[in-house]
Amino acid sequence: MTILQSDQIVLEEFPANRPSLRLSVVTETWPPEINGVSLTLSRLVQGLCARNHQVQLIRPRQTQADQASRDSGFEEMLMRGMPIPRYPELKLGLPGKRALVQAWTLKRPDLVHIATEGPLGWSALQAARRLRLPVTSDFRTNFHAYSQHYGLGWLRKPIVAYLRKFHNLTRLTMVPTQALRAELLAGGFRDVHVVARGVDTQLFRPERRSADLRAQWGASPNSLVLLAVGRLAPEKNLDMVLRAFEAMRAVHPDVKLVFVGDGPLRESLRQRCPSAVFAGTQRQEALAEHYASADLFLFPSLTETFGNVTVEALASGLPVLAFDTAAAADWVRHGANGWLVPLGEDDAYPAIAASLAQDSERIGQASLLARTQVAQLDWQQVAQQVETLFLQTAGTA
Numbered sequence: 193m194t195i196l197q198s199d200q201i202v203l204e205e206f207p208a209n210r211p212s213l214r215l216s217v218v219t220e221t222w223p224p225e226i227n228g229v230s231l232t233l234s235r236l237v238q239g240l241c242a243r244n245h246q247v248q249l250i251r252p253r254q255t256q257a258d259q260a261s262r263d264s265g266f267e268e269m270l271m272r273g274m275p276i277p278r279y280p281e282l283k284l285g286l287p288g289k290r291a292l293v294q295a296w297t298l299k300r301p302d303l304v305h306i307a308t309e310g311p312l313g314w315s316a317l318q319a320a321r322r323l324r325l326p327v328t329s330d331f332r333t334n335f336h337a338y339s340q341h342y343g344l345g346w347l348r349k350p351i352v353a354y355l356r357k358f359h360n361l362t363r364l365t366m367v368p369t370q371a372l373r374a375e376l377l378a379g380g381f382r383d384v385h386v387v388a389r390g391v392d393t394q395l396f397r398p399e400r401r402s403a404d405l406r407a408q409w410g411a412s413p414n415s416l417v418l419l420a421v422g423r424l425a426p427e428k429n430l431d432m433v434l435r436a437f438e439a440m441r442a443v444h445p446d447v448k449l450v451f452v453g454d455g456p457l458r459e460s461l462r463q464r465c466p467s468a469v470f471a472g473t474q475r476q477e478a479l480a481e482h483y484a485s486a487d488l489f490l491f492p493s494l495t496e497t498f499g500n501v502t503v504e505a506l507a508s509g510l511p512v513l514a515f516d517t518a519a520a521a522d523w524v525r526h527g528a529n530g531w532l533v534p535l536g537e538d539d540a541y542p543a544i545a546a547s548l549a550q551d552s553e554r555i556g557q558a559s560l561l562a563r564t565q566v567a568q569l570d571w572q573q574v575a576q577q578v579e580t581l582f583l584q585t586a587g588t589a
């Protein structure tokens, strides 16, 4: 297995009889970091490798001891990074154009795919353009929407201008929903293609429901357990989770609230809602068990490009209460497998929650339909769709 590192480059050629494309995938987040971008990209890389493509993953070094994997099925090139403010467990890739030009000159990829638009992504874009390599990109994070949640709303226009310039310098940009495609096209982005995301329906399924876990939460068989999964951060609109919880608790004798995830708001949420269960970060089977053991999924975020947790909840048989945007707009059917709140109608979110608490049989009925809506979201089909776009783009180089 070939290993490349920016501080000590060791190069071997891909096999001469390669079956398909040489792909360089650039990202500033990767597992074990937990977020929608890292988990989605990991699935995509696995799918591309399974389809016999040669993948080179370029990412920041996550810790001092981090080493390029030698048994992952793809090669890695580790770059310099720095902790992201307020999220020390995450790394921001630092500029590395010179190292990338050197590596790609010695071993030229057929295509460069950039998943994140930070300093490392910009360096990769500039290096690829210098070497006349075809480039594709993902629009996976609403950084411009995040800015207003951190007192940086004045940066929204410059951020949008930067993102538009970045993506318009690539051959095409992939987005997860038709609504986001329409928004970007209206904003001057070009060549935007929809690539849906998958969900692991073998991992996330209703059969993982656990009476023991519910008992740990202090929930009885008659309790109504509300679940929120994700980063405990300002951009996730978690005030709305608390409003919904209080509204439901006012009309139902036994409502529990469980948070899965961590982030800068954890302590303030704990102080504001001491009765809530804070389960911390959960992965794989443990995460799937948390989904399946709850009764209603609360996801009021307004900053998502997709929101993987929405389809993970549905696959687990967990109905969703969300605003009519991102993945919920595509996969939640109001009154069937969940409930959609019109954008801009904030008071309707806790109002609908309260109405469900008064008639909790509707939640049980919705749980029976939740999984059927997302059964078609298969990661192999996602990889095939991306492969088609890559082959078309590489063929135009």
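Here my numbering is used: the first residue of the sequence shown is 193, the next is one more, and so on. Glycine included, each C-beta is placed from N, C-alpha and C at the ideal position.
Segments assigned alpha helix (DSSP H), at least 4 residues, entirely inside the stretch 394-466: 403-408, 430-441, 458-464
GLU220 and GLY313 closer than 8 angstroms at C-beta: yes
Where ARG563 falls, given that 16 or more other Cβ within 10 Å makes a residue buried: buried
Three-state secondary structure (DSSP) of SER547: helix
I'd like to check one pair, SER216 with PRO301: are the Cβ atoms closer than 8 angstroms? yes
Under the DSSP definition of a beta bridge, which residues are partnered with GLU268? LEU249
Three CB pairs or more closer than 8 angstroms across the stretch 347-363 and the stretch 388-399: no
Strictly by DSSP, which residues pair up with THR497? Paired residue(s): none; THR497 is not in a bridge.
DSSP beta-bridge partners for VAL384? THR365
Between MET432 and the rest of its own chain, which residues show a CB-CB distance below 6 angstroms, the 5 nearest in sequence each way excluded? PRO492, TYR541
So, with DSSP's three-state summary, where would you put PRO275? strand
Alpha carbon to alpha carbon, what distance is there between ALA478 and PRO224? 15 angstroms
In this structure, does DSSP put ILE306 in helix, strand or coil? strand
From what residue to what residue does the beta strand (DSSP E) around ALA514 run? 512-515
Please name the residue or residues paired with THR328 in a DSSP beta bridge. HIS305, LEU364
Please name the residue, chosen from THR328, LEU231, VAL503, that lies closest to SER382 on a Cα-to-Cα basis. Position check: residue 382 holds Arg in this sequence, whereas Ser was assumed. The candidate whose alpha carbon is nearest that of ARG382 is THR328.
Give the range of the alpha helix (DSSP H) segment to which SER315 is assigned. 311-322
Under the rule that 16 or more other beta-carbon atoms within 10 Å means buried, what is GLU205, buried or exposed? A caution first: GLU205 carries a pLDDT of 43, below 50, which makes its placement in the model unreliable, though a value can still be read off. Answer is exposed; the Cβ neighbour count stays below 16.
What would DSSP say about LEU286, mapped onto helix, strand or coil? coil
With three or more beta-carbon pairs closer than 8 angstroms as the criterion, would you say the stretch 511-527 touches the stretch 484-499? yes
I'd like to know whether the C-beta atoms of PRO252 and MET271 end up nearer to each other than 8 angstroms. yes
Determine the direct distance from the alpha carbon of VAL384 to that of MET366, and round the result to whole angstroms. 6 angstroms
Please determine, among PRO445, GLN565, THR585, the residue with the shortest C-alpha to C-alpha distance to PRO413. PRO445
By a C-beta neighbour count over all protein chains shown, 10 Å radius and 16 as the cutoff for buried, is MET274 buried or exposed? exposed
If I follow the unbroken alpha helix (DSSP H) through SER234, where does it start and stop? 228-242
With burial defined as no fewer than 16 other Cβ atoms inside 10 Å of the residue's Cβ, what is the status of GLN248: buried or exposed? buried
ASP404, buried or exposed, once every other Cβ within 10 Å from all chains shown has been counted against 16: exposed
Bridge-paired residues (DSSP) for PHE489: LEU419, VAL512
Reference THR517, options ASN529, PRO534, GLY453, ALA528, closest by Cα: PRO534
Do GLY455 and ARG423 have their C-beta atoms within less than 8 angstroms of each other? yes
Any contact between the stretch 315-324 and the stretch 284-299? By contact I mean 3 or more CB pairs, one from each, below 8 angstroms. yes
Using DSSP with H/G/I as helix, E/B as strand and the rest coil, what is SER552? coil
Close Cβ partners of LEU548 (< 8 angstroms) along its chain, the five nearest in sequence each way excluded: MET440, LEU488, LEU513, TRP531, ARG554, ILE555
Look at VAL574 and GLY239 and say whether their C-beta atoms are less than 8 angstroms apart. yes
8 angstroms contact criterion, which VAL218 and ALA371 should meet: CB distance rounded: Wrong, their Cβ atoms sit about 26 angstroms apart, outside the cutoff.
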